[in-house]
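There are 2 protein chains.
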Amino acid sequence: MMTTLSDPAVTPTVNDDKIFGTPFIKCLVRLIRAEDSYGLWRGKCNSELLAHFTVTEDQRRAIPIIGDPDPHVLWKLDIFYAAVGIAIEERSDLLVSRTMEVNQEGFGRVLFTTKRLVLLSKTLRDVHRFGFNTLRDCAKTGTRLVNDAVAVIKAYPDVARA
Amino acid sequence: MMTTLSDPAVTPTVNDDKIFGTPFIKCLVRLIRAEDSYGLWRGKCNSELLAHFTVTEDQRRAIPIIGDPDPHVLWKLDIFYAAVGIAIEERSDLLVSRTMEVNQEGFGRVLFTTKRLVLLSKTLRDVHRFGFNTLRDCAKTGTRLVNDAVAVIKAYPDVARA
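Residue numbers (this note's numbering), protein chains in the order written: chain A, 54 to 215; chain B, 54 to 215.
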């Protein structure tokens, strides 16, 4: 799905430089760039592309508490969790499957599995307000999810390869 | 969701009596009846309710090879796999979660998990043609799925309770 990235939520700060180097954010950027079939985003820097994953306090306040997720927010959700899956694969050298169920009201679940092992199970709620306060939060959350999944693989190495 | 059950696909035969006694079919009937909030199906016998899970050869031939699943077929899919989940819970005394992902073209996956263990993972395809040749097939498929899941729990008892 092609999405216009016209209004970055935040302007990048110098601090973000370190964040762009994290393996999770690298996966995320690679996935976003992979969807740019026509090279429309070639001129955009990484911080511009990633800005759509941040929702500031003020922006969040402007979103109704109850609402149906629109295609753009579903695209962000999809690509965020796809990046989590790829980052787990990179770290573990295993094939990871993702199953995501989101209903029309923005509630659901995302599951990461490999063979017989559940690596990660996360309840999704208020998907229409999906986004992180800062890019640092986005990187931290993604990295934490990847670390959790890798820890599970280490705890059950036989089941992950069964 | 309320669905009108006006055109049973097949007339029940005497042979079906044994099928109604299987634990899986009992679960399925119980789930269908649970959705009958207004008692509209109270006068219908079980074979009438279950007839919607059968699609005869001729009926299947009439359905296009490529098509989008309609709400009625999604309801059938949902209730069939919900019955599988409940039957696994009855047999194993464990809490089972189902995560089902179906895209608009009728492709996807259904996963049954309990704690860290994947009990069952099934690829869904051609969902718009979902149905069984006979009620016996429906009972056999459901029972096989339940047996498979229970065998997995027996093989990994610790992971299922982790």
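Virtual Cβ for every residue (Gly too), placed ideally from N, Cα, C.
Just so it is clear, the structure is predicted and the values come from calculations on it, not from any experiment.
Can you give the Cα-Cα distance for B/P61 and B/D201, rounded to whole angstroms?
Residue placement at B/P61 is flagged as unreliable, the pLDDT there being 48, under the threshold of 50; the coordinate-derived value follows with that caveat. Those two C-alpha atoms are separated by around 30 Å.
Considering only residues of the segment 128-213 of chain B, which uninterrupted alpha helix (DSSP H) runs meet the minimum length of 4 residues and lie entirely inside it, listed in chain order?
Runs of alpha helix (DSSP H) with 4 or more residues, each lying fully within the segment 128-213 of chain B, are found at 188-208, 210-213, listed in chain order.
Just how far apart, CA to CA, sit A/A104 and B/R169?
Spanning the two alpha carbons is a distance of roughly 34 Å.
Just to confirm the assignment, what range does the alpha helix (DSSP H) spanning B/I78 have?
Per DSSP, B/I78 belongs to the alpha helix (DSSP H) from 76-87.
Rank A/C98, A/L177, A/R114, A/A208 by C-alpha distance to the C-alpha of A/I153 and give the top, closest one.
The sequence given here places Met at residue 153 of chain A; Ile does not occur at that position. It is A/L177 whose Cα lies nearest to the Cα of A/M153.
Chain-ordered neighbours of A/R239 on chain B, where CB pairs are closer than 8 Å
Since the first and last residues shown for chain A are 54 and 215, residue 239 of chain A lies out of range.
Determine whether the beta carbon atoms of B/I72 and B/L188 lie at a separation below 8 Å.
Yes.
Which first and last residues belong to the alpha helix (DSSP H) in which B/A115 is found?
B/A115 -> alpha helix (DSSP H) spans 110-115.
Taking any Cβ of chain B, which residues in the segment 133-155 of chain A have a Cβ under 7 Å from it, in chain order?
Flagged, chain order: T152, M153, E154.
Taking only the alpha-carbon atoms, compute the straight-line gap between B/L198 and B/L173 and give it to the nearest angstrom.
Rounded to the nearest angstrom, the two C-alpha atoms are 8 Å apart.
Excluding sequence positions up to five away, which residues of its chain have a Cβ less than 8 Å from the Cβ of A/E110?
Excluding sequence neighbours, A/E110 sits near N186.
Counting only beta-carbon atoms, is A/L164 nearer than 8 Å to chain B?
True, the Cβ-Cβ gap to chain B drops below 8 Å.
Tell me, to the nearest whole angstrom, how far the beta carbon of A/L148 is from that of B/T166; I am working on the premise that it is less than 8 Å.
Between A/L148 and B/T166 the beta-carbon gap is near 17 Å, outside 8 Å, which marks them as no contact.
Can you find the residues in the same chain that come closer than 7 Å, C-beta to C-beta, to B/N99, ignoring five residues on each side of it along the sequence?
Sequence-distant Cβ neighbours of B/N99 in its own chain, meaning closer than 7 Å and more than five residues away, are F73, V82.
Separation of B/K175 from B/C80, as counted between CA atoms
Their Cα atoms are separated by approximately 20 Å.
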